[in-house]
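In the working numbering, the protein residues as written are 864 to 1114.
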C-alpha cells in the first residue's frame, strides 16, 4: 500500500488538476467537442459536471454531517448561471476553501460504504484528486492532446480506486479471483474479488490469477475505462481483466 499525500497537498492537487481542465477548455476551438471518455458529453458538459460536483462536495464538507447528504433545500442551484469557465473556477475555489477550513479529520457524509474509505474531509479530498485528474485527462483528450496523469496522482489513484470505488460495488458476480496490479514505477496492489466484494491487500497468501501491468497512469485510466485492455499488459486469465473492467463502470 502506497502512502497518500498529506492533506494540504491533496487540496492543492485538486486545484492544479482543475486548472489544467479549465485551461484545456479555454483553448478549445469548440466547447461542443465530444469527450471520448464520456461519449454522451461535450466538453461544455464535462466542465459543467465537474463544477457541480465540486460545489456539492464543498457543501458536504461545510455541513460536516456524516449521517446523510445535504437536504435539497440546502443545495440551491448548482447549474452555471454565468460564464462557464469563470463559474467553474469559482467552483474549485469553493471546494478548496471548504476543505482547508475543515481539515482532514472533519466527519462528512460520502457515497461509499463503511469500510471502503473513511467518512472524512480527507477521504473526500483524496477522491476528488482522482475525479478531477481523470476529467482533466478527458478534457485534454477531447482536444486530441491526452497527457498521462501526474505520477504522484496516479500512484495513489490505483489504491484509491481499488479500495473506494471497487469497495462500493458489493459482491463480485463472477468466479472468485485474485488480481495484481503492477505499476512500472514500482508499487503493486493485490485485490481479491469474491462474493464478499473487493478486498485490497488481503491477508491470505496466494498467487494472482491475473496480473495487469503498466504505468500508474495507465492503470488508473484502465480502471476508469479511459484506455483499452490492449493498452496495458495482462498476464494470466484475461477474462478476469475483462470482467473487472465491465464490473467497474464508473465515470
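Cβ atoms here follow ideal geometry from the backbone N, Cα and C, with glycine treated the same way.
Residue span of the alpha helix (DSSP H) that contains residue i, given as start and end
i            : result
residue 908  : 906-926
residue 1022 : 1014-1023
residue 950  : 947-965
residue 886  : 870-890
residue 1117 : There is no way to answer for residue 1117, as the model of the chain reaches only from 864 to 1114.
residue 1109 : 1101-1110
Terminal residues of the beta strand (DSSP E) in which residue i lies
i            : result
residue 1002 : Element bounds for residue 1002: not the beta strand (DSSP E) but the alpha helix (DSSP H), 984-1005.
residue 1061 : 1060-1063
residue 1056 : 1051-1057
residue 1041 : 1040-1046
Beta carbon of residue i nearer than 9 Å to that of residue j
i            : j            : result
residue 973  : residue 990  : yes
residue 1079 : residue 1012 : yes
residue 1018 : residue 1107 : no
residue 1054 : residue 1062 : yes
residue 1084 : residue 1090 : yes
residue 984  : residue 948  : no
residue 882  : residue 906  : no
residue 1086 : residue 1021 : yes
residue 904  : residue 958  : no
Secondary structure of residue i, DSSP reduced to three states
i            : result
residue 1081 : helix
residue 969  : coil
residue 1114 : Unreliable positioning characterises residue 1114 in this predicted model, as indicated by a pLDDT of 42, which lies under 50. A coordinate reading is not provided.
residue 1070 : coil
residue 1089 : coil
key: Stretch-stretch touch, CB-based, cutoff 8 Å, three pairs: the region 1000-1014 with the region 896-914   = Result yes; three or more Cβ-Cβ pairs closer than 8 Å.
task = Answer yes if the region 1027-1036 comes into contact with the region 915-929, meaning at least three C-beta pairs across the two stretches below 8 Å, and no otherwise.
result = Result no; under three Cβ-Cβ pairs closer than 8 Å.
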